Structure formats: structure tokens, C-alpha cells
Amino acid sequence: MLKGVTVKVSEMDFLGIKCHLFLFVFINSVFISEQTKVEVLLDMRAARGELGWLTSPYSDGWEIVQRVVNGSQLYTYSVCKVEGGDQDNWLRTTFIQRAPAATRVFVELGFIVRDCNSFEGASLTCKETFNLHYAESDADVGTSFHKTQFRKVATIAPDEITAGAEVQVNTETRTVGPLSQKGFYLAFQDIGACIALLSFRVYYKVCPATVQSLASFPETVASGGAGNGESQALREVTGTCVENAVSQEQPRIYCTVDGEWAVPVGHCQCRAGFEPAAEACRECRAGFFKESVSSEQCEPCPVNTEQSAAGSLSCQCKEGFYRAPKEPQTAACTAPPSPPLNLVAMTIPTSAGKLQLSWGPPADTGGRDDITYSVACERCERAACLPCGEKVRFEPGASDLPVPRVGVSGLEPLLNYTFTVEAHSGVSQLSDRQSTASVTAALQYTDPPKVTSMRVDKQGSTSLVLSWTISQRALPQNTRYELMYRKKEKDSEKDVTTYTVLVLEKNSVQISDLAPATAYLFRVQAQNPVGGSGTYSDEFKFETLPEESKTPGNTAVIVGAAAGGGAMLFLVVVVLLIRKRKRNPTARQGVEDTYFSNSEQLKPLKTYVDPHTYEDPNIAVMKFASEIHPSHITKQKVIGAGEFGEVYRGALKAPGRKEVAVAVKTLKPGYTEKQRQDFLSEASIMGQFCHQNIIRLEGVVTKYKHAMIVTEYMENGALDKYLRDHDGEMTSYQLVGMLRGIAGGMKYLSDMSYVHRDLAARNILINSSMVCKVSDFGLSRVLEDDQEGTYTTSGGKIPIRWTAPEAIAYRKFTSASDVWSFGIVMWEVMAFGERPYWDMSNHEVMKAINEAFRLPAPMDCPSALYQLMLRCWLQDRSKRPCFNDIVNLLDKFLRSPDSLKTIADFDPRVSIRLPSTSGSDGSPFRSVSEWLESIKMSQYSENFTCAGVVTMEQVLQMKNEDIRNIGVRLPGHLKRIAYSILGLKDQTSTLSVFAV
Ligand code: AMP
Numbered sequence: 001m002l003k004g005v006t007v008k009v010s011e012m013d014f015l016g017i018k019c020h021l022f023l024f025v026f027i028n029s030v031f032i033s034e035q036t037k038v039e040v041l042l043d044m045r046a047a048r049g050e051l052g053w054l055t056s057p058y059s060d061g062w063e064i065v066q067r068v069v070n071g072s073q074l075y076t077y078s079v080c081k082v083e084g085g086d087q088d089n090w091l092r093t094t095f096i097q098r099a100p101a102a103t104r105v106f107v108e109l110g111f112i113v114r115d116c117n118s119f120e121g122a123s124l125t126c127k128e129t130f131n132l133h134y135a136e137s138d139a140d141v142g143t144s145f146h147k148t149q150f151r152k153v154a155t156i157a158p159d160e161i162t163a164g165a166e167v168q169v170n171t172e173t174r175t176v177g178p179l180s181q182k183g184f185y186l187a188f189q190d191i192g193a194c195i196a197l198l199s200f201r202v203y204y205k206v207c208p209a210t211v212q213s214l215a216s217f218p219e220t221v222a223s224g225g226a227g228n229g230e231s232q233a234l235r236e237v238t239g240t241c242v243e244n245a246v247s248q249e250q251p252r253i254y255c256t257v258d259g260e261w262a263v264p265v266g267h268c269q270c271r272a273g274f275e276p277a278a279e280a281c282r283e284c285r286a287g288f289f290k291e292s293v294s295s296e297q298c299e300p301c302p303v304n305t306e307q308s309a310a311g312s313l314s315c316q317c318k319e320g321f322y323r324a325p326k327e328p329q330t331a332a333c334t335a336p337p338s339p340p341l342n343l344v345a346m347t348i349p350t351s352a353g354k355l356q357l358s359w360g361p362p363a364d365t366g367g368r369d370d371i372t373y374s375v376a377c378e379r380c381e382r383a384a385c386l387p388c389g390e391k392v393r394f395e396p397g398a399s400d401l402p403v404p405r406v407g408v409s410g411l412e413p414l415l416n417y418t419f420t421v422e423a424h425s426g427v428s429q430l431s432d433r434q435s436t437a438s439v440t441a442a443l444q445y446t447d448p449p450k451v452t453s454m455r456v457d458k459q460g461s462t463s464l465v466l467s468w469t470i471s472q473r474a475l476p477q478n479t480r481y482e483l484m485y486r487k488k489e490k491d492s493e494k495d496v497t498t499y500t501v502l503v504l505e506k507n508s509v510q511i512s513d514l515a516p517a518t519a520y521l522f523r524v525q526a527q528n529p530v531g532g533s534g535t536y537s538d539e540f541k542f543e544t545l546p547e548e549s550k551t552p553g554n555t556a557v558i559v560g561a562a563a564g565g566g567a568m569l570f571l572v573v574v575v576l577l578i579r580k581r582k583r584n585p586t587a588r589q590g591v592e593d594t595y596f597s598n599s600e601q602l603k604p605l606k607t608y609v610d611p612h613t614y615e616d617p618n619i620a621v622m623k624f625a626s627e628i629h630p631s632h633i634t635k636q637k638v639i640g641a642g643e644f645g646e647v648y649r650g651a652l653k654a655p656g657r658k659e660v661a662v663a664v665k666t667l668k669p670g671y672t673e674k675q676r677q678d679f680l681s682e683a684s685i686m687g688q689f690c691h692q693n694i695i696r697l698e699g700v701v702t703k704y705k706h707a708m709i710v711t712e713y714m715e716n717g718a719l720d721k722y723l724r725d726h727d728g729e730m731t732s733y734q735l736v737g738m739l740r741g742i743a744g745g746m747k748y749l750s751d752m753s754y755v756h757r758d759l760a761a762r763n764i765l766i767n768s769s770m771v772c773k774v775s776d777f778g779l780s781r782v783l784e785d786d787q788e789g790t791y792t793t794s795g796g797k798i799p800i801r802w803t804a805p806e807a808i809a810y811r812k813f814t815s816a817s818d819v820w821s822f823g824i825v826m827w828e829v830m831a832f833g834e835r836p837y838w839d840m841s842n843h844e845v846m847k848a849i850n851e852a853f854r855l856p857a858p859m860d861c862p863s864a865l866y867q868l869m870l871r872c873w874l875q876d877r878s879k880r881p882c883f884n885d886i887v888n889l890l891d892k893f894l895r896s897p898d899s900l901k902t903i904a905d906f907d908p909r910v911s912i913r914l915p916s917t918s919g920s921d922g923s924p925f926r927s928v929s930e931w932l933e934s935i936k937m938s939q940y941s942e943n944f945t946c947a948g949v950v951t952m953e954q955v956l957q958m959k960n961e962d963i964r965n966i967g968v969r970l971p972g973h974l975k976r977i978a979y980s981i982l983g984l985k986d987q988t989s990t991l992s993v994f995a996v
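The sequence shown runs 1 to 996 under UniProt numbering.
See below:
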């Protein structure tokens, strides 16, 4: 770039020309880039004085001309010997010291050459060029001048020749070198031209000191010019990394001929704890870290770490949080999981000798998703515990279980085993946080299957030898059989039937003393060693042979030894069954129609007896319940309020027996005799039942003023409340396990021809092992003591939203109507205690049901379960499944948990309690807490506030990840909140139910 000013020199006489000379004065450098730095060795004008240059021949040829320009002295050299030929005029500079690194220098000339044509007659000898020479020397040789020591650099010719009055100033730059000695001289040789040397500068170029790519490089003299034989056009320069930066190889860069830097090699990077910032490495700020040498910026400290100091290489985990061995410093710190939730052991239906352990994922996963489980088994007797040994096997294994359940086999029935399930994650071994849950369980026998065939092995006129087989691989060793038979009656005798019942240890029997040539009907059922029984077989008809003349007459009922030598356990029991029951509309009664069994079949032996059939209800109590002395009962704490008085938790210590926890129902003072009888009727009913899913009656106090009913104690109380308190904490598998228990109890009741009429989650009790039991039996109570009971037009009180339409319409209470209620219980369980039909009025519920609407699937409900619910709610009660079907189906789901994987379609607008776009009055939610309250998630209010989510607009922006990050960990809760946000986004929100 040209940098300079034009100075007007008035009335100058140049080379004999009187003219106005516009002299171009170079100020700095000519034609060099702005960035390029030059070091000047000699500048004619900067000298501002006589330069002391040598001329040869002395005082001829070149002459010095001194002028004043703008108040400054200006020295120029000129020569104009155009005539006479053979000119050889030299002008030599003073000694120019060379900088050691400057092996090549630039010579910049400003000069004027007169046109030879302007000299008349001189054109033949006149020249228009001159020569530039140089000579190296290690010392200043003073005035000693030898032309021969000079080497020619170039012939200098003007671009513009000065012909007229207008002076043409030329500028030429030449490079001189390579130079090696301490200094040098330059010389101008004139061979007969008319020249004025106006400016003259000698310089070399440097690449200035620089910092590039975090490496600093020193100021470096540029190599000489290319194009004149110089091999090294680029000069390689090594640098050093800036403070707090390192490099594997030494940083290098090239300094070009033009004094510019090019091609840096070997990157420097900031070391750990430092980040690059404006060609330097600066310390990471507090709260940030950098783990290693890199060009990256410092990162903020991850989740669950302490605030780091400035310059940190890592952020320490907060107390109780860890990083797994191979996790990088950038990973969030995590904690070991909390213990698995709700560990339960269930007997696997139809798989003898097996238990299924299941549990819910830990409430706190510690922020990790690599949770696995291991299970250990011990047998504890008194204080001593021993490992269970290899006989007990776990399916699929005892460790690294990815799903929250495991099958256990090889157990001895009725022995107590303690199973400990531990939740593990990548950081478990770093902490001693307790992540275990234990359950003690004993293998209960499952109900044996139905006997499907029976044959007669030997036929006599008064005896029959019968045998049967049962299709179960692992039937418990001491399975017993209950055989009942009767003579096939004629139609007229049908009201009264006499049964004979035998309890046998083998699957064959010889029955003697039968009437000859008579048809008998036999049914048999298997019983496990603890009394659990399967269903009775169908009836098989066998006939005795006609009487032989010698056969002695029948005198008594004699049962011979069982065929094959099997010993008979009990002698004959003769039962008289009155088939036609006295009808009592207010009392609970047996199945009124033949919904469950075909009309040809008889009812099972054990049939519920309505206490009202007894003239004196006290006799019924005495018959079905054992009397307890009040001194054996300790009442400890009120746990509920029954219709007749408080319910207490207490202890029962009968003489010679272990103390057991019990619930004690009391009858409040001032009762009438009728109320006392009604109160005790519950015990008369409960006392007839013996099933693991029916609340067990311990006994009654009737002989003292304060009557009491004592039942087994159920630690977790009523199921509806329990579910609401543990919303989202149980897996579908566990919920199905609960439903299986309730269905088992209901199957037992329906087999006994008992219709419950008030089956609802509030009337199911749950114990500490999560076993559900049907409770709330009583005669008047349906509906007196149930707050859900609503008077119907026919006068009775009915819990509308749990009751089948035919029972509401015309009091047709049957096991089929109990099945409808069971469907509602299924819905309550899968919705974690949600109120069926939410806040619709009873009237709206009845109307919707009559219009064929049904409840929608609860959130996250397996499709197979919802399908079953819908079948329970079929209008035509004969099409609903029976409890036996329900038990079988639920067992199937439990055996193959994959069948629960498909989730029923979910509409977020209907499963959340309230229409999710608005508050209870239909207006939009005014605050986050109002919204959370409406979806029953108020416990997370603080989490939202702490995370700065304070407006509904912010809520709408949240993604699932955000919800998890603010501390909502339970999968059920996460889903509920996420679904509600979905619903909020979808502006249409009508509370609807699905049509079937
Ligand atoms: P009930 O009169 O049978 O409905 O009982 C009233 C309340 O007492 C129930 O909702 C339970 O909370 C509690 N309760 C009744 N029986 C038991 C029991 N066997 N074990 C534990 N809690 C019980």
C-alpha cells in the first residue's frame, strides 16, 4: 500500500528544469501490507542532513543538492552527464549495519529520469537507466572504495520518464542478498543518464511477535524474497504454549517472505481446570469444571454435586451420592436405590410348591435407570437363621433380575421362609444405604383341581369300588378327597336329599351296604392338607347289581376299607340338605337362579345358611362362632367406626394359644335386642366361612354385657384407603395379585351360594403381606351402615355405583350382580382408589349405565384387565363371567405377566379426576398448586416451586424429563402429571365415559 504525502516544492530547479515539482514524500513504507512490520536500516530523508555518501570520480558525476522544503532540509543526489559518453559515475552509501537475522534486505528508491530526447544532440550517448550494486563487509572501510568489490543487483529503469515540465517520480524496490557479513554498502552506478535520487530506504521485514492457537511466537525476521534463488521462502518458527496450556508436540508456525505468519502446527490446549478465552487459558469459574487437557470450555457441575471452587478439575458428589467406577466426571452423581416397595409373596395358582415374589420399584431410584434386583432366602427358627440351600430355586435367577418379580420353587409347605430382595444399581457397592425389603412367607397349598372322571372298578349288589384320577403333576403328598353320594331320587322326592360324605386319603374307595339294583350319584373333590378344596366334580351315576339270593339283608350303613388297602380317615357323615330355602327378602340369601351351575347339578355340600332361618338368632351365633371370654381380649386402639360401635385393634390371648393381633368390633351401649341380633348376625355369617381371602372370625363375646366380634387383624386396613395412600407405588402385576385374592374369596362365597351385595374396595381389608380379604358381612348392614347406600324407590338402600342395573331396578341380587361389583372393584384397584364415576351424581351414573355407557379404562390399565371389567359390566347378567372364570383368567395373567403388557387406550381427559383444563368451577387453573390438587399430586407443590415452575404456562412447557428432574420419581405419579399436562394442552375436556 502506498503511504505518503505530496509536498509542493516551489520554483525548483531539477536537472535543469525550472518547474513546479510535486514531490511525493514517503512517510513510512511503500507497497507493504498494513500488518507487515519493517525494520529500517537506512532512510535518506530521515537523516535530515548530509549523508556523507562517497562519489567517484570525486567532485564530478553525482552531486548533492540541498533544498528547503516546507521548512525542512531536503537532500537529493543527482547526476546528468548525458553528453560525451563513457560515463561511470558511482555514488556509494555509508556502511549499513546488518541485523543478524536479516539475510536479505529491501532497497526502495524514489527517482526521476530525464527523457534523453529532451537533450538535443545527446541522444546517442544519453542513457535512461542506472545500476544498483552492493558489497558486503565485516567492517566500515571508510573512504576506501573499490568498484570491483561490488556486485550488481539490478539495472534500474524508470516506469515513467520525465520529458516536459511535469516531473515523473518512479518508485522501485529491489531485494539485496543473501547477506552474511556484518554490514554492506550499496552503490548507484550512472552510465550517462540524467537522474535525481529523491528518496532511498533500506529495510527488512519481520513477522511480529504473536499468539496463535494458544502458542506464543517471537518476532521473526522474514526470509528474503522469493524468486531470486532463495530456497527458504518460509521461515519455520517454534513457539511455546501460553500459560496453563500444553501441547504434545512443540507448536510451530511459518513466517512468510512478506512478514506474515502462516500455517500454525501443533495445537496447544488448556490444561484441566482451565478453558480457552481470547488466546489465553483462564481458570474455570466456581461451579464449573474441566476434567482434562482439551480445547473445550469448562462445564457446569452436574446434578447432585457440591459447588466447585474456581479452577476445579471435577465436582465432588454431595454426601450420599456417587459415581459408578466407569462414569465420567460429567455424569450426574447418583444414589443407591431405596428398598423395593410392597414386597409380597403369592402362591402361584395351579403351580404346586411355588411362590411368586413381587414388589414395586424403589420409590427413589437414586436418579439411575440401571436398577436390578437380587433375592436371598433364609429359614428362621427362633432367633437363628440359616440359608435356604440349593433346594430352593429362583426363576429366572437369584440375581441381576431386571423385573420386579421372581418365582420360587422347591419350598416345603407351611414352613416360614424369609425372602430378602435387594435393589441394586451401578453405585450400590459404594454406599451402605439399605436397599433391601424382606417378607416372610409360607407356601400355602393351592386349591386342587377338579376331578373330571370317576370309574367303577368293582360292582356288587350292595357295594361299589370306585376310583378317580386327578390331573395335577405336583399334587401335595397328603391330598385328601371328599366324596359325597346319594341315591338318585325320583322327582317327587326332590325336596329332601340325603347325602353321605366320606373323607378319604386315597383316590379310591369301596362303598358297602348299598341297596341292590339302585342308581347312586357320586361327586368327589380333592382337598389339600390344610383344608383348601377344589371344586366338586360333576355327578357320576353308578348302579349296584340286582340282589343275589344269598346276599344278607342291609342293616346299616357300613363303609368298608377303601379299595387297594387305603385307610379311611373319617367315618360317614350324613347331611340333610333342605333345598328349598325360606325366602326372606331383607336377608342375604343364596343364589336365586341357576346362573353358575346347570340346573341338573346340585349345590356343593357347604352352603351358606342364612341365620334368619333360625328362629332364635342366638342359636345361629352359638353354632357358627366360638365364645371368647372378654378377659382374653385387650383393646388397644380405635381403628375405625362400624355401624354398631367402635372397631379396635387388639390382642387375643386364649389359654394355651399364642397371642394374636385381632380387630374387635364392639356394640355401643343402649342397643336394642334387634340391634344386638343384627350386630351378631355378621359373626354368624363370617363364622361359616373358611378361606384365605375371607376375613376370619376368631370368635364372639355374647355372654357379657358388651358384645364383641373378634376377627383377624388386617394391618393395612381398608383397601380403598390403602390404594389411595400408595398411589402409583404398585405394579400392575401386584394389583392383579390383589384382584386374584378378592376373586378367590368371591368364588368361595358364590360356591357357598352367598351373595355379598356390597362388594367394594372399602369392604376389602388388606394385611401386611398384601393379602386381600373380603369383609363386611351382616344382614341388615347392607346398606344401613354403608355410606354409599342410597334409598331406592323400592325402599332398600343400594350403593348405586357398585351395583348391577338389575339389582338396582328390581333387587335381583345374585352372584352375577356381585360380579358386576367385582368389575367396579377391579376399576378401583387399577385406578388406585379413584372414586368410580368421579363426581357424577348417582342419578347421572344410573342414566349413563342405562344408556350403555361404562367407565373408561383407568390410566395405565392393562388392556386384558379392562376387557374383563367390561365383561363384568354386561347388561345381560347371564353373559357376565362367573367368579370361577374370573379366577382362572387372573391366574392366567399372573402366570404369563407379558399378557399385561398391552395397555388399554387411555384418554387423559377422563382418567384424571377433574376435567384437566380447568378448576372445579370450570374456570382455568389459577395456580400450579390448584392444578396439582385437582390431580391429587399436591405433595409435589414444593418441587414445582423450587424448580421455578410457578405458572401454568411453564407447566405446559414441561417435558417428561423435566418432571423427573424436579423430583417426581414414582412411575405412576410421573405418568399422572405427564398425562394431565397432555390433557391441559388438549383444550377439549369433557368428562366422558365410553360406550360399550
Ligand atoms: P366395618 O364396620 O367392618 O366396616 O369396619 C370399619 C373400619 O374398621 C374399616 O373400614 C377398617 O378400617 C377397620 N377394620 C374393620 N375390621 C378390621 C380388621 N379386621 N382389621 C383391620 N381393620 C379393620
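Backbone N, C-alpha and C fix where the C-beta goes; we use that ideal spot for every residue, glycine too. Note that the structure is a prediction, hence the values are computed from the model and not measured.
According to DSSP, residue i sits in a beta bridge with which residue or residues?
{"i": "Gly-360", "result": "Leu-341"}
{"i": "Gly-640", "result": "Val-647"}
{"i": "Cys-207", "result": "Thr-220"}
{"i": "Thr-76", "result": "Val-65"}
{"i": "Thr-155", "result": "Asn-131"}
{"i": "Trp-261", "result": "Cys-255"}
{"i": "Val-710", "result": "Val-664, Gly-699"}
For a test of your reading of the model: does the CB of residue i fall under 7 angstroms from any non-hydrogen atom of the ligand AMP? Yes or no.
{"i": "Ile-633", "result": "no"}
{"i": "Met-714", "result": "yes"}
{"i": "Ala-718", "result": "yes"}
{"i": "Glu-390", "result": "no"}
{"i": "Gly-642", "result": "yes"}
{"i": "Leu-889", "result": "no"}
{"i": "Val-710", "result": "no"}
{"i": "Val-647", "result": "yes"}
Closest by CA to residue i, which one among the options?
{"i": "Leu-343", "options": "Ala-441, Lys-205, Leu-214", "result": "Ala-441"}
{"i": "Trp-53", "options": "Glu-283, Asp-86, Leu-91", "result": "Leu-91"}
{"i": "residue 1081", "options": "Met-708, Pro-362, Gln-87", "result": "Residue 1081 is absent from the structure shown; the chain starts at 1 and stops at 996."}
{"i": "Leu-74", "options": "Leu-124, Thr-238, Val-660, Leu-198", "result": "Leu-198"}
{"i": "residue 997", "options": "Asp-610, Leu-765, Arg-801, Asp-905", "result": "Since the first and last residues shown for the chain are 1 and 996, residue 997 lies out of range."}
{"i": "Asp-839", "options": "Thr-129, Ser-934, Asn-117, Thr-544", "result": "Ser-934"}
{"i": "Tyr-204", "options": "Ser-213, Phe-288, Ser-980, Glu-108", "result": "Glu-108"}
{"i": "Cys-377", "options": "Glu-712, Arg-393, Val-774", "result": "Arg-393"}
Residue range of the beta strand (DSSP E) that residue i falls in?
{"i": "Ile-798", "result": "797 to 799"}
{"i": "Tyr-185", "result": "183 to 190"}
{"i": "Ile-933", "result": "According to the sequence displayed, residue 933 carries Glu and not Ile. Here Glu-933 belongs to no beta strand (DSSP E); instead the alpha helix (DSSP H) covers 928 to 934."}
{"i": "Ala-663", "result": "660 to 666"}
{"i": "residue 1004", "result": "The structure shown has nothing for residue 1004, since the chain only spans 1 to 996."}
{"i": "Ser-374", "result": "372 to 381"}
{"i": "Ala-864", "result": "It is not in any beta strand (DSSP E) - Ala-864 instead sits in the alpha helix (DSSP H) that spans 863 to 872."}
Between which two residues does the alpha helix (DSSP H) harbouring residue i extend?
{"i": "Asp-891", "result": "883 to 895"}
{"i": "Thr-945", "result": "941 to 946"}
{"i": "Leu-545", "result": "Run containing Leu-545: none; DSSP gives neither H nor E here."}
{"i": "Asn-850", "result": "842 to 850"}
Could you tell me whether any non-hydrogen atom of the ligand MN is closer than 7 angstroms to the CB of residue i?
{"i": "Ser-775", "result": "In terms of ligand content, the structure shown lacks the ligand MN and carries the ligand AMP instead."}
Which runs of the beta strand (DSSP E), 3 residues or longer, sit entirely within the segment 405 to 473?
-> 405 to 409, 416 to 424, 436 to 442, 453 to 459, 464 to 469
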